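Going by our numbering, the letters in the sequence shown line up with residues 2 to 602, in that order.
Think of the CB as a built atom: it goes at the ideal place given N, C-alpha and C, for glycine as much as any other residue.
Predicted model only: the values in this text are computed from it and were never measured.
Accompanying notes for the structure given below.
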Amino acid sequence: MSKAGQTTSADAGQPEMKELAAAIAQVMERGVDAVRMSLERATKGGAALPFDPLAPARAFGEFASSAMLNPLQAIDAHQKLVREWGEFWKDTVARASGNKKDATISPERGDRRFSHPSWSEQPVFDSMKQAYLLAARQSLEMVADSDLAPEAKTRVTFFTKQLLNALSPANFVFSNPEAIQRALETGGVSLLSGLANMLADVGSPSGLVSRRSEDNFELGKTIAATPGKVIFQNAMMQLIQYQPSTDSVYRRPLLYVPPLVNKYYILDLQPSSSFVKWLVDQGHTVFVISWVNPGPTLRDKGITEYILEGPVAALQAIERATGERRSDMFGFCMGGTLAALAAAYLSATNEAERLGTVTLIGTLLDFSDMGEWETFLEAGHRDAFERHARSKGVISADQLQALFSAVRANDLIWSSVVNHYLLDRTAPASDLLFWFADGSNIPEAFLVEYTRSLLHENKLCTPGAFMVNGTPIDLGQIQSPVSLISLKDDHVSGWKATYEGATLFKAPTRFVLGGSGHNAGLVNPPAARKHGFWTNEQLPASADDWMQGAQKHEGSWWPDWQSWLATQNGEEEVDARVPGQGNLPAIEDAPGSYVRMKTNS
Numbered sequence: 002m003s004k005a006g007q008t009t010s011a012d013a014g015q016p017e018m019k020e021l022a023a024a025i026a027q028v029m030e031r032g033v034d035a036v037r038m039s040l041e042r043a044t045k046g047g048a049a050l051p052f053d054p055l056a057p058a059r060a061f062g063e064f065a066s067s068a069m070l071n072p073l074q075a076i077d078a079h080q081k082l083v084r085e086w087g088e089f090w091k092d093t094v095a096r097a098s099g100n101k102k103d104a105t106i107s108p109e110r111g112d113r114r115f116s117h118p119s120w121s122e123q124p125v126f127d128s129m130k131q132a133y134l135l136a137a138r139q140s141l142e143m144v145a146d147s148d149l150a151p152e153a154k155t156r157v158t159f160f161t162k163q164l165l166n167a168l169s170p171a172n173f174v175f176s177n178p179e180a181i182q183r184a185l186e187t188g189g190v191s192l193l194s195g196l197a198n199m200l201a202d203v204g205s206p207s208g209l210v211s212r213r214s215e216d217n218f219e220l221g222k223t224i225a226a227t228p229g230k231v232i233f234q235n236a237m238m239q240l241i242q243y244q245p246s247t248d249s250v251y252r253r254p255l256l257y258v259p260p261l262v263n264k265y266y267i268l269d270l271q272p273s274s275s276f277v278k279w280l281v282d283q284g285h286t287v288f289v290i291s292w293v294n295p296g297p298t299l300r301d302k303g304i305t306e307y308i309l310e311g312p313v314a315a316l317q318a319i320e321r322a323t324g325e326r327r328s329d330m331f332g333f334c335m336g337g338t339l340a341a342l343a344a345a346y347l348s349a350t351n352e353a354e355r356l357g358t359v360t361l362i363g364t365l366l367d368f369s370d371m372g373e374w375e376t377f378l379e380a381g382h383r384d385a386f387e388r389h390a391r392s393k394g395v396i397s398a399d400q401l402q403a404l405f406s407a408v409r410a411n412d413l414i415w416s417s418v419v420n421h422y423l424l425d426r427t428a429p430a431s432d433l434l435f436w437f438a439d440g441s442n443i444p445e446a447f448l449v450e451y452t453r454s455l456l457h458e459n460k461l462c463t464p465g466a467f468m469v470n471g472t473p474i475d476l477g478q479i480q481s482p483v484s485l486i487s488l489k490d491d492h493v494s495g496w497k498a499t500y501e502g503a504t505l506f507k508a509p510t511r512f513v514l515g516g517s518g519h520n521a522g523l524v525n526p527p528a529a530r531k532h533g534f535w536t537n538e539q540l541p542a543s544a545d546d547w548m549q550g551a552q553k554h555e556g557s558w559w560p561d562w563q564s565w566l567a568t569q570n571g572e573e574e575v576d577a578r579v580p581g582q583g584n585l586p587a588i589e590d591a592p593g594s595y596v597r598m599k600t601n602s
């Protein structure tokens, strides 16, 4: 027994009883809530599932059939497995005997699951890690070497990766050395608290794993806080005009068209990384569309409505507010697709003069190569997605977030499982994660039309095949100079696939490749001096040829795009325009009310 005020070794790692009791009480309370919410979700409305639950079984069935039809290939694969595992165990024994050997296999660059020192320094966990990585590599190689058709191979690869990601030893408490160490340090409280966290997530309306602290940011105060006014609105969007920070501005206003899936303010995160603020500081009169978060009452709004009541209506409002008929327009991801459609529609309806330039960032126009996303275009998934949309009127933000997370499960799901459930670590404040979690629904009509006509049938590649408001769309009719900006590690819009879209334009077209991924590559302020970018003023036939002739530059692509915009605008400037002082009075302060809408479905 220790004296008062002293701690013995027996006391080390022991939690205070009140901490333990509080953790147990929290688990019990959240467990009840989790059961209740799970039952509510399971019985709510009898809506169809948004996915095909039999798709993985069909995919693996195709793989098994292919393997049985090629027994010689299966024998070769078996011999390779035996040889590689023999080498693995020989190296493992050598390392355990003190004969230092290089690792049989190491994590790929960017794989942070095994970054804790114990995964390399402790022989048991090092062997466990390498065994997992070897088995994962072999599994994917077997699929890659199979005789499956390309579409089937893509599906099997995707589902194999999902299974392998889930089975990582980092995801289980007794095979994760960091989780074991943390449990010992806290006397088990970390595991109880992690269980409480899991039950809280299960009991939440979305049922998704938490990836951020709820109260890190406040719209209009610490994020989406660049000063501006809503100067126009309709049923589909609000139009924000930002307060100038320079005495004079470029004559042509600049309009941003965001994607529907998330809110517009990925361009207006914290001031230090706000693209909107940076553009305002360069002397642009910046306008931004803030889409409504649609509920079932807007289920019939399709692509035509989003074009006419979105960018087309915004350009008309900008002319009323500033007196300028011609604007520059840029869009990101799906917003870029809408911007391209709007530009083609304006050209087809003799209003091409409304646009000075068109910039498409991380945007697919040719959907023939969607990588792993093709998995979700398989007939079973596509039909299930559409049935669910018809039953609910929308696809909810939570379901879309789950879809995007699945494509990068290690970064967007399993890392949070480990930190939140095994380690009981509070997620660090992240404006990008705050934005990612703040999603929007998509109406049934838009989803069905976009999925079938654009993604599946790839109609934008055939002039006149797709219609907006009864008008045939031909991207080759766009008369404005076009800038395509893609991101090298983009998991949503693969850069080589976006490059194919450049061939659809006849107007002067420039392609720039930024570093990093879909979101982090977009939010790349010059002051950060990160990622780099590539330029090549030529547009050869293939993306590989373009890269071969490209020049690498340090830092952000933002200044390069600004230089291109300035060249297109010329030197003509006008006095800075104050929101609300034109022909359109201010309705409310930015970021407006539409961005705050939360729609449960």
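Buried versus exposed call for Gln-582 [16 or more other C-beta atoms within 10 Å across all chains shown]: Along the sequence shown, one-based indexing puts residue 582 at 581. The residue in question, Gln-582, is exposed, as its Cβ has fewer than 16 Cβ neighbours within 10 Å.
CB of Met-330 within 9 Å of CB of Thr-360, strictly: Along the sequence shown, read from residue 1 onward, the residue named residue 330 stands at position 329. Along the sequence shown, read from residue 1 onward, the residue named residue 360 stands at position 359. Yes.
Residue burial classification, Val-83 (beta-carbon count within 10 angstroms, cutoff 16): As a working mapping, residue 83 is identified with position 82 in the sequence shown. When all chains shown are included, Val-83 counts as exposed.
N-terminal and C-terminal residue of the alpha helix (DSSP H) that Thr-155 is part of: Translated into positions along the sequence shown, residue 155 becomes position 154. Per DSSP, Thr-155 belongs to the alpha helix (DSSP H) from 151–167.
Cβ distance (whole Å) where Val-157 is taken to contact Ala-60 below 8 Å: Counting from 1 along the sequence shown, the entry for residue 157 is found at position 156. Counting from 1 along the sequence shown, the entry for residue 60 is found at position 59. With a Cβ gap of about 5 Å, Val-157 and Ala-60 count as contacting.
Coarse secondary structure for Val-408, derived from DSSP in three states: Stepping through the sequence shown from its first residue, residue 408 is reached at position 407. In this structure, Val-408 counts as helix in the three-state DSSP scheme.
Own chain partners of Asn-616 with C-beta closer than 6 Å, once the 5 adjacent residues on each side are dropped: Any property of residue 616 remains undetermined from this structure, which presents the chain solely from 2 to 602.
Phe-160 at chain B interface by Cβ criterion, 9 Å: Although the question refers to chain B, the structure presented lacks it and comprises just one protein chain.
Boundaries of the beta strand (DSSP E) in which Glu-325 is found, first to last residue: On the sequence shown, residue 325 is found 324 positions in, with the first residue counted as 1. Here Glu-325 belongs to no beta strand (DSSP E), and DSSP marks it neither H nor E.
Close Cβ partners of Tyr-265 (< 6 Å) along its chain, the five nearest in sequence each way excluded: Here residue 265 refers to the residue found at position 264 when the sequence shown is read from its first residue. These residues qualify, in order along the chain: Pro-259, Val-289 and Ser-291.
Segment contact, 8 Å Cβ cut-off, at least three pairs: the region 395–404 with the region 521–534: no
Within 9 Å, strictly: CB atoms of Ala-95 and Asp-127: Residue mapping note: residue 95 aligns to position 94 of the sequence shown, counting from 1. Residue mapping note: residue 127 aligns to position 126 of the sequence shown, counting from 1. No, the pair does not count as a contact, with Cβ atoms beyond the cut-off.
Three-state secondary structure assigned by DSSP to Ile-588: Residue mapping note: residue 588 aligns to position 587 of the sequence shown, counting from 1. Three-state result, Ile-588: coil.
Presumed contact (8 Å Cβ cut-off) between Ala-410 and Asn-166, rounded CB distance: Within the sequence shown, numbered from 1, the residue matching residue 410 stands at position 409. Within the sequence shown, numbered from 1, the residue matching residue 166 stands at position 165. 5 Å between Cβ atoms; contact.
Assumed close pair Leu-424, Ser-191 - CB separation to whole angstroms, cut-off 8 Å: Translated into the one-based positions of the sequence shown, residue 424 becomes position 423. Translated into the one-based positions of the sequence shown, residue 191 becomes position 190. Confirmed, Cβ separation roughly 6 Å.
Straight-line Cα distance separating Glu-538 from Met-548: By 1-based counting over the sequence shown, the position of residue 548 is 547. By 1-based counting over the sequence shown, the position of residue 538 is 537. Distance between the alpha carbons of Met-548 and Glu-538 is about 11 Å.
Residue closest to Val-174, alpha-carbon to alpha-carbon, out of Val-418, Glu-88, Gln-480 and Gly-495: The residue you call residue 174 lines up with position 173 of the sequence shown. If we check each option's Cα against that of Val-174, Val-418 comes out closest.
C-beta atoms of Lys-511 and Leu-488 nearer than 9 Å: Here residue 511 is taken as the residue at index 510 of the sequence shown, counted from 1. Here residue 488 is taken as the residue at index 487 of the sequence shown, counted from 1. The displayed chain sequence assigns Arg, not Lys, to residue 511. No, Cβ-Cβ distance for Arg-511 and Leu-488 is not below 9 Å.
Among Glu-179, Ala-137, Met-69 and Leu-135, nearest to Trp-120 - alpha-carbon criterion: Working through the sequence shown from its first residue, we reach residue 120 at position 119. For the residues Glu-179, Ala-137, Met-69 and Leu-135, the minimum Cα distance to Trp-120 belongs to Glu-179.
Run of the beta strand (DSSP E) containing Val-231, from where it starts to where it stops: Here residue 231 is taken as the residue at index 230 of the sequence shown, counted from 1. Element bounds for Val-231: 229–234.
Backbone secondary structure at Ser-10 - three-state DSSP: By one-based count along the sequence shown, residue 10 stands at place 9. Residue placement at Ser-10 is flagged as unreliable, the pLDDT there being 40, under the threshold of 50; a coordinate-derived value is accordingly withheld.
Minimum length 4: unbroken alpha helix (DSSP H) runs contained in the region 186–215: 190–203
Classification of Asn-442 by the beta-carbon crowding that lies within 10 angstroms, buried from 16 upward: Indexing the sequence shown from 1 puts residue 442 at position 441. By the 10 Å Cβ count, Asn-442 comes out buried.
Beta-ladder partner(s) of Val-483, from DSSP: Counting from one through the sequence shown, the residue named residue 483 turns up at place 482. Partner(s): Val-359 and Thr-510.
Exposed unless 16 or more other CB atoms sit within 10 angstroms - verdict on Ala-58: Indexing the sequence shown from 1 puts residue 58 at position 57. The residue in question, Ala-58, is exposed, as its Cβ has fewer than 16 Cβ neighbours within 10 Å.
Counted within 10 angstroms of its Cβ, other Cβ atoms place Leu-122 as buried (16 or more) or exposed: Looking up residue 122 in the sequence shown gives position 121. The identity of residue 122 in the sequence shown is Glu, whereas the question assumes Leu. With fewer than 16 other Cβ atoms within 10 Å, it is exposed.
Inter-residue Cα distance where the pair is Gly-613 and Gln-242: Residue 613 cannot be examined here, being either before or after the span of the chain that is shown, 2 to 602.
Ala-56 versus Thr-376 - alpha carbon distance: Position 55 of the sequence shown, counting from 1, holds the residue named residue 56. Position 375 of the sequence shown, counting from 1, holds the residue named residue 376. Their Cα atoms are separated by approximately 9 Å.
DSSP state of Asp-92 mapped onto helix, strand, coil: Sequence index remark: in the sequence shown, residue 92 carries index 91 (1-based). Correct three-state label for Asp-92: helix.
Inter-residue spacing [alpha-carbon to alpha-carbon] between Ala-236 and Thr-161: On the sequence shown, residue 236 is found 235 positions in, with the first residue counted as 1. On the sequence shown, residue 161 is found 160 positions in, with the first residue counted as 1. Cα-Cα distance, rounded: 43 Å.
Through-space distance from Ala-201 to Gly-47, alpha-carbon basis: Position 46 of the sequence shown holds residue 47. Position 200 of the sequence shown holds residue 201. Only weak support exists for where Gly-47 lies, its pLDDT of 48 falling under 50; the value from the coordinates is given anyway. Distance between the alpha carbons of Gly-47 and Ala-201 is about 24 Å.
Helix, strand or coil at Arg-431 according to DSSP, with G and I counted as helix: Walking along the sequence shown from the start, residue 431 turns up at place 430. The displayed chain sequence assigns Ser, not Arg, to residue 431. Residue state, collapsed to three classes: coil.
Pick from Leu-413, Pro-444, Ser-454 and Tyr-422 that is closest to Phe-435, judged by C-alpha positions: Counting from 1 along the sequence shown, the entry for residue 435 is found at position 434. Checking every option, the nearest Cα to that of Phe-435 belongs to Leu-413.
Beta-carbon proximity list for Leu-299, same chain, < 6 Å, skipping 5 on both sides: Locating residue 299 in the sequence shown gives position 298, counting from the first residue. Contacts found: Pro-444.
Counted within 10 angstroms of its Cβ, other Cβ atoms place Gln-552 as buried (16 or more) or exposed: Sequence index remark: in the sequence shown, residue 552 carries index 551 (1-based). Per the 10 Å Cβ criterion, exposed.
Chain-order list of residues whose beta-carbon lies under 7 Å from that of Ser-348 (same chain, five-residue window excluded): Here residue 348 corresponds to residue number 347 of the sequence shown, with the count starting at 1. Excluding sequence neighbours, Ser-348 sits near Gln-478, Ile-479 and Gln-480.
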